[in-house]
Each structure stands twice: as C-alpha cells, then as structure tokens.
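Chemist: For reference, the structure I am asking about is given below.
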Amino acid sequence: IQSIGDIIVTHRLIVKEFRGELHGYGYGTVGFAAVVFSGLPTEPLEPRLSNITCSFGTPELNRVRELREWYHAPDCPVERELDARENEPTAFTSISQPADTPDQDSTLTITRLWQLKPRRFVSIEGQVVATYRYPDEDRCTIIYLWDGPSCSVSSNRTSVFVGPPKDHITQLLRSVNLEPRLAAITAHRLPDEDDWSVPLFLYDEHSICRAVKPGDIVRVRNVHVKKCPSFDCDRPDCFRLIVHGGGHRFKRGVEVLGRQCLLETYLRLTSMTESSAADTLISSANQFHLLSNLRSGLSSRPVYLRTTREQPKTALTIAQLCNIPLAFHRNEAEQFNLCIPLAPDEQYASPVSPSCWLLADNQTDLHRTAVYARLAARVASVFPTAVEDLNHVLIVACDRCHSAIRMSALLHSKEEVCECQTVTKQFGRKVIDVPGKRVMRPFVFLRLHDATGQLLVSVSGATAMSLMCKSNSTRANNKEWLLLAEQLQSTEVHAENSVASRLLTQLGQLSGRPIDLVLQISWRTEWDLGIPESIDHLDLRFEIPDGEYFVWQH
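With my numbering, the residue at position 57 of the sequence shown is 142, and numbering never jumps.
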C-alpha cells in the first residue's frame, strides 16, 4: 500500500464481530492472500508487484474500477486528503501570517459544528473555550470549541458530542485552562444547561499545541466525525470528534487564525457600523462567517448581570476562587523569603496570580481576611423562590441597638423588635419601621456553578434589595420593601401578592443566566506565615459586597 485510496483485493479474509463492530483477520495458515491496485483513475488496471500470489478475474477488475470512480466522486463520504500546495500554511499556522483567503484556497469547505454527520472527515472553525491536557505520555489533548448558536434547523437536535469519560474528569481538571466568560456564556460542561461547547480530541503530535489558548479563533482540518460504538456510550447518536496523528502532508491540524482580541476588534467595528473588510486577519477569520456567528451567539446569550466595579479585571473560575486563600498565604510567605513546601490542596490547585485579587477595604473583623476577586459563572438557582420564603430572609433590625429578628419569628411571637424599644411590634399591628430608621435588611442566596465546581454566594442589605427590585435606586428599593413588609404582615399571604410576586419573578430571572461579578471572599485569619494544609477549616465565605451597583442586560 503506497497511499490513501489504494484498493485491496483479498482472498480468504476471516470476518469476526468484536465489541459490536466487524473486524477482518488474514491468517496465512488458511490461505489468506491480497493484491493492491492503485486508486488513481488514470492508472492501468494492473496490480502492484508483490511476492504474494493472489488470483483475480474480470469481476474483481470491474469492482476495482467502480471503487476508483466512487472514491473520486464529489459526494464520496470517505476522507480524501490532498497534498498541501507549497504556498499554503501548514498545521499550527503562526498567527502573524494571514491564513487562507478565498483566492488562496477556493476548495476549502467549513462545516458548522451542529451540522456534522458521522463517518465523515470535515474541516471546522471555532473559538476555543477550554483545553484539557492528559499527561504527556498519553499524547492527547481535548479542546472545546464553539462557533455560535446552533442553527434553527437543528434546534431540536438529539446528537450529543462525547467528551472525556467521567472517571477522567478529576485528573483533567488539574490541567484545565478555560476562559471563564466564554465558559459561562456557552454553559461549558454544565449537564443541566444547553451546552454550546463541543469537545475535540487531538492525538499524537497534534496534542502538543501549546500555542492554542482559550479565546483563540482556530481552524481545524480533517476532523474525523466518529459515531460512538454502543459499548462505549449508552446514548444514541453520540459523536466523537478526533484529529488523528500524522497528516501534516495533507494539512491536518490546528491553525490559529487570531487571538481573542481579534473577535473583540470585530465586535467593536461592527457596533460602530465601521467596515472591517480592510483588516486582512479579520477578513480571513470571517471568510466562512465565523466571527459573525460568534457575534450572534454573544448577542443571544449576553452576560445578564454584572457589577460596575472594574477591578480586578481578570475573571476566575470557581476552583481558582476557592484556592485564593492558599495563594494569598503563599504570596505572603514568599515576601519574607520563606521556602515552604506545597500543602496537599496546593499540589493540584488551579494557579492564581496575586494580580487577580485586591485586599478588601474597610476590614472591621480582625479575625477574618477579605479580598475582592472577579467571577464569571452561571446561576444554577436562587433563594427565595416562593412567597412563603420571604419571611425567612427578611430581617427587621434596629439601627440604634443593632438587634435583629427574622420576619417569620416576628410574626409568630409577641417579642419586641429591639431591646431599646425604639421599634416595637405588637401582634396584629403593621408597625415595623420608624421614619428615618432603616430597619429592613433582606438576604438573598445565589448558587453559582461552572465546569470546575459550584459555590453559594450570599447577598444582603441594599445589594439584595437591588437584585430583587432590579434597580440601584435606594429610595425606590426601600419603598418596595416597606410595601412588601406591609403585605407580609397580613393574616393571609397569597402567591399572587403583587409586590412579592414581582420581586420573586425578577430574582428568578437570574437562574440559568451567565453573570460577571466582583465577590468578596473572606476566611479565618491565620496568624502565622505557614500555608494552611487545607481550605476546609478556613470557613470560606463568598458575598457580593454591600452597596454594589449592578448592570442588567435586557
């Protein structure tokens, strides 16, 4: 066999079924023989020289002729890799060189991710969401791509793109590199969400793609769309995308068309109605409308909620957020030139640079250390969700003596609101506030998740009011909460309660949405310069700082 497309005629080939697939076995003891013909239609119908004798006749020659015509037909589904022309870039194209333009490669065809069909070899484009690397000896890397929203014709798709096995995830998370905002927008590896990211397996020399980073715009040639065998997957219509080793002669591999800033430049130019045709890199990357599709995806899944606080700028994953205390203490130890071995939790922790957090200002609790850090993730659920829950998260407090009581306890007892009796409550009377006194303090809880984990974030005070009222106006929010408190004190609280229903509906709109927030992370202060052995005993708390202003994407 000299090249792909050659035709083999075999005698006495034994066919067996193994793991649901047919396999051929050629044993010399039973008289197996084979002869090879060139697959080129221009070659004569003569076999190549071989030391093995294999007879054939007119039917075999006719079949060879049919296979040649079938293989070179335009609609043949089998991979037919063509030699790369000398003036075309090879795999892992440098981003400083413009990639293929229409006049350079008029034969290239790009297939959208959600239009892929099994048992074919295709070329695809997309933006890298995340990379997962196996140990070097395994020679395998998985990159997750997205190319915009799924097409309307396939919106009811049943196909599933299979990623790494579940028992590999723990190991792969130690080497994961993902772009948190893209992961939140695409719902990357979130089983209960509509995940737009698609896994692509790179093997052998293609797995050593250190230049490919999350956010990059890439083109991948000759991707094998393989249908998963039944023994490997229990779901129908499961596909696995593979870039096999080798194939450089045929341009198989990954080409970097541009970094993330290329898409940002394109978005800026299109928002200003300026033409981007003059930019060679943008024109090349958008040759098959990839940038346009990504813009459409970002528009249909915008970041629903973000804080106006600008620093720190770098968004982290949940795993990185949880590892900030370890990184914080190690940074302090290094400032004193202390050499401390890695703690158990540090050995597999996602690295966090000191530039990713800021010390919280106005720290009043000397027993806790607090920093600010940015998180991009998705909201898995919120609390409260029902009118009955509001009584449990609404705190009635006295600004003078700083005592407080839950509304649910207040409504079912004859206790006084506060010790100083500035604000009192008599059962059946709707007296919960004194003019000039802010005694309403609600609490809201958000459960956030991403591909690396999940955490619970608490929101209180004016910030919680802003979330539920969907407004940053303190005066308007206080008015809403006073109306709510009035209604909650009534003898019958109905689900159709106008104020409560509206507030819960607005809060519930956060569920399943991507968010970009600056959180305050605090933990129990360690008074020595050692590295905590584990974060489990640090009493980690995640909060949205009180007084934060929000921007909602409508």
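C-beta: ideal position from N, C-alpha, C; glycine also.
In this text the structure is predicted, and so the values were computed from the model without any measurement.
1) For Thr590, count neighbouring C-beta atoms within 10 Å of its own C-beta (all shown protein chains included) and say buried if the count is 16 or more, exposed if not.
2) Can you tell me the Cα-Cα spacing of Trp608 and Val456, whole angstroms?
3) Only counting the same chain, and skipping five residues up and downstream in sequence, which positions put a Cβ closer than 7 angstroms to that of Asp188?
4) Just to check my reading of the structure: Gln605 and Glu628 have Cβ atoms closer than 8 angstroms, yes? What is that Cβ distance to the nearest angstrom?
5) With distances taken Cα to Cα, identify the nearest neighbour of Leu540 among Leu375, Arg626, Cys441, Ile227.
6) Can you tell me which of the three DSSP states Gln212 falls into?
7) Which residue's Cα is closest to the Cα of Arg97: Tyr110, Pro132, Gly105?
8) Give me the Cα-Cα distance between Leu640 and Thr138, rounded to the nearest whole angstrom.
9) Could you tell me which residues DSSP puts in a beta bridge with Gly338?
10) Beta strand (DSSP E) containing Leu390: first to last residue?
11) Here's a check: name, in chain order, each residue in its chain whose Cβ is nearer than 6 angstroms to the Cβ of Ile92, leaving out the five neighbours to either side.
12) Could you tell me which of Asp232, Thr449, Glu290, Ile270 sits nearest to Cys386, measuring between CA atoms?
13) Taking the C-alpha atoms as reference points, what is the distance between Val388 and His108?
14) If you pair each beta-carbon of the region 288-296 with each one of the region 199-206, do three or more pairs fall below 8 angstroms?
15) Do Gly211 and Tyr156 come within 8 angstroms of each other at the CB atom, strictly closer than that value?
16) Verify the contact flag: Val213, CB atom, against every heavy atom of the ligand FMN, threshold strictly below 7 angstroms.
17) On the three-state DSSP scale, how would you describe Ser282?
18) Are the CB atoms of Asn476 and Val437 nearer to each other than 8 angstroms?
19) According to the neighbour-count rule (16 or more other Cβ atoms, all chains shown, within 10 Å of its Cβ), is His414 buried or exposed?
20) What do you reckon, are the CB atoms on Tyr217 and Ser260 nearer than 8 angstroms?
21) Assess contact between the region 367-386 and the region 440-453, defined as three or more Cβ pairs (one per stretch) separated by less than 8 angstroms. Is contact present?
22) Near Ile180, which residues of its chain fall below 7 angstroms by C-beta distance, leaving aside the five closest residues on each side in sequence?
23) Can a CB atom of chain B be found closer than 8 angstroms to the CB of Thr138?
24) Which residue marks the beginning of the alpha helix (DSSP H) containing Val472, and which one marks its end?
25) What whole-angstrom Cβ distance do Leu326 and Phe246 have, given they're in contact under 8 angstroms?
26) Should Met550 be labelled buried (16 or more other beta-carbon atoms within 10 Å of its own) or exposed?
27) Output the boundary residues of the alpha helix (DSSP H) element that contains Trp155.
28) Between Arg391 and the rest of its own chain, which residues show a CB-CB distance below 6 angstroms, the 5 nearest in sequence each way excluded?
29) May I have a chain-ordered list of the beta strand (DSSP E) segments no shorter than 3 residues that lie completely inside the region 445-472?
30) Apply the 10 Å Cβ neighbour rule to Lys641 and answer buried if 16 or more other Cβ atoms are within range, or exposed otherwise.
31) Can you tell me the Cα-Cα spacing of Ala169 and Ile403, whole angstroms?
32) Using 8 angstroms for Cβ pairs, my map puts Tyr634 next to Asn557. What's the rounded Cβ distance?
33) CB Thr548 to CB Asp631, shorter than 8 angstroms?
34) Using the Cβ count rule (16 or more neighbours within 10 Å means buried), how would you classify Cys346?
35) Per DSSP, Phe413 is paired with what?
36) Determine whether the beta carbon atoms of Cys225 and Leu267 lie at a separation below 8 angstroms.
Modeler: Once the coordinates are examined:
1) By 1-based counting over the sequence shown, the position of residue 590 is 505. Thr590 is exposed by the Cβ-count criterion.
2) Translated into positions along the sequence shown, residue 608 becomes position 523. Translated into positions along the sequence shown, residue 456 becomes position 371. Taking the CA atoms as reference points, Trp608 sits about 9 angstroms from Val456.
3) Indexing the sequence shown from 1 puts residue 188 at position 103. Any reading at Asp188 must be qualified, since the residue scores a pLDDT of 43, below 50, and its modelled position is unreliable; the value itself is stated next. In its chain, beyond the 5 residues on either side, no residue has a beta carbon closer than 7 angstroms to the beta carbon of Asp188.
4) Your numbering for residue 605 matches position 520 in the sequence shown. Your numbering for residue 628 matches position 543 in the sequence shown. Correct: roughly 5 angstroms between the Cβ atoms.
5) For the purposes of this step, residue 540 is taken as residue 455 along the sequence shown, with counting starting at 1. Among Leu375, Arg626, Cys441, Ile227, the Cα nearest to that of Leu540 belongs to Arg626.
6) Position 127 of the sequence shown, counted from the first residue, corresponds to residue 212. Gln212: strand per DSSP, three-state reduction.
7) What you label residue 97 is simply residue 12 of the sequence shown in a count that begins at 1. Comparing Cα positions, the closest option is Tyr110.
8) Lying outside 86 to 639, the shown extent of the chain, residue 640 is not represented and no answer is given.
9) On the sequence shown, position 253 is the one that residue 338 refers to. Its beta-bridge partners are Arg306.
10) If you number the sequence shown from 1, residue 390 lands on position 305. Going by DSSP, Leu390 is part of the beta strand (DSSP E) stretching over 390-392.
11) In the sequence shown, the residue the question calls residue 92 occupies position 7. The beta carbon of Ile92 sits closer than 6 angstroms to the beta carbons of Phe122, Gly124, Val149, Leu152 from its chain, once the five residues preceding and following it are set aside; these are given in chain order.
12) Against the sequence shown, residue 386 aligns to sequence position 301. For the record, residue 386 in the displayed sequence is Arg; it is not Cys. Closest by C-alpha distance to Arg386, out of Asp232, Thr449, Glu290, Ile270, is Ile270.
13) As a working mapping, residue 388 is identified with position 303 in the sequence shown. As a working mapping, residue 108 is identified with position 23 in the sequence shown. Counting only the Cα atoms, His108 lies some 50 angstroms from Val388.
14) Between the region 288-296 and the region 199-206, the count of C-beta pairs closer than 8 angstroms stays below three; the two stretches do not touch.
15) As a working note, residue 156 is residue 71 in the sequence shown. As a working note, residue 211 is residue 126 in the sequence shown. For Tyr156 and Gly211, no; Cβs fall outside 8 angstroms.
16) Annotation note on the ligand FMN: not contained in the displayed structure, which lists no ligands.
17) Counting from 1 along the sequence shown, the entry for residue 282 is found at position 197. Three-state result, Ser282: coil.
18) Residue mapping note: residue 476 aligns to position 391 of the sequence shown, counting from 1. Residue mapping note: residue 437 aligns to position 352 of the sequence shown, counting from 1. The answer is no: Cβ separation not under 8 angstroms.
19) One-based indexing of the sequence shown puts residue 414 at position 329. With 16 or more Cβ atoms within 10 Å of its Cβ, His414 is classed as buried.
20) Taking the sequence shown and counting its residues from 1, the one referred to as residue 217 is at position 132. Taking the sequence shown and counting its residues from 1, the one referred to as residue 260 is at position 175. Yes, Cβ-Cβ distance for Tyr217 and Ser260 is below 8 angstroms.
21) In short, these stretches do not touch, since the Cβ pair count stays below three.
22) Residue 180 sits at position 95 when you count from the first residue of the sequence shown. Any reading at Ile180 must be qualified, since the residue scores a pLDDT of 38, below 50, and its modelled position is unreliable; no value is offered.
23) Annotation note: the requested chain B is absent from the structure, which comprises a single protein chain.
24) Within the sequence shown, numbered from 1, the residue matching residue 472 stands at position 387. Counting along the chain, the alpha helix (DSSP H) containing Val472 begins and ends at 472-478.
25) Taking the first residue of the sequence shown as position 1, residue 326 is located at position 241. Taking the first residue of the sequence shown as position 1, residue 246 is located at position 161. Here Leu326 really is in contact with Phe246; their C-beta atoms are around 7 angstroms apart, less than 8 angstroms.
26) Sequence index remark: in the sequence shown, residue 550 carries index 465 (1-based). Label assigned to Met550: buried.
27) Within the sequence shown, residue 155 is the residue found at index 70, counting from 1. Per DSSP, Trp155 belongs to the alpha helix (DSSP H) from 143-156.
28) For this step, residue 391 is matched to residue 306 along the sequence shown. If we look at Arg391 and ignore the five residues flanking it on each side, its Cβ neighbours are Asp601, Val636.
29) Counting whole runs of 3 or more residues, the region 445-472 contains the beta strand (DSSP E) stretches 453-468.
30) Lying before the first or after the last residue shown, residue 641 is absent from the chain, which here runs from 86 to 639.
31) Sequence index remark: in the sequence shown, residue 169 carries index 84 (1-based). Sequence index remark: in the sequence shown, residue 403 carries index 318 (1-based). Low local confidence applies: a pLDDT of 47 at Ala169 is under 50, so the model's placement there is unreliable, and no value is given.
32) Position 549 of the sequence shown, counted from the start, is the residue given in the question as residue 634. Position 472 of the sequence shown, counted from the start, is the residue given in the question as residue 557. Between Tyr634 and Asn557, the beta carbon gap of about 5 angstroms places them in contact (Cβ cut-off 8 angstroms).
33) In the sequence shown, the residue the question calls residue 548 occupies position 463. In the sequence shown, the residue the question calls residue 631 occupies position 546. Yes. Within cutoff.
34) As a first step, residue 346 must be located in the sequence shown, where it is residue number 261. By the neighbour-count rule (16 or more Cβ atoms within 10 Å), Cys346 is not buried but exposed.
35) Here residue 413 is taken as the residue at index 328 of the sequence shown, counted from 1. Bridge partners of Phe413 according to DSSP: none are assigned.
36) Residue numbering aside, residue 225 sits at position 140 when the sequence shown is read from its first letter. Residue numbering aside, residue 267 sits at position 182 when the sequence shown is read from its first letter. With contacts defined by Cβ atoms closer than 8 angstroms, Cys225 and Leu267 do not form a contacting pair.
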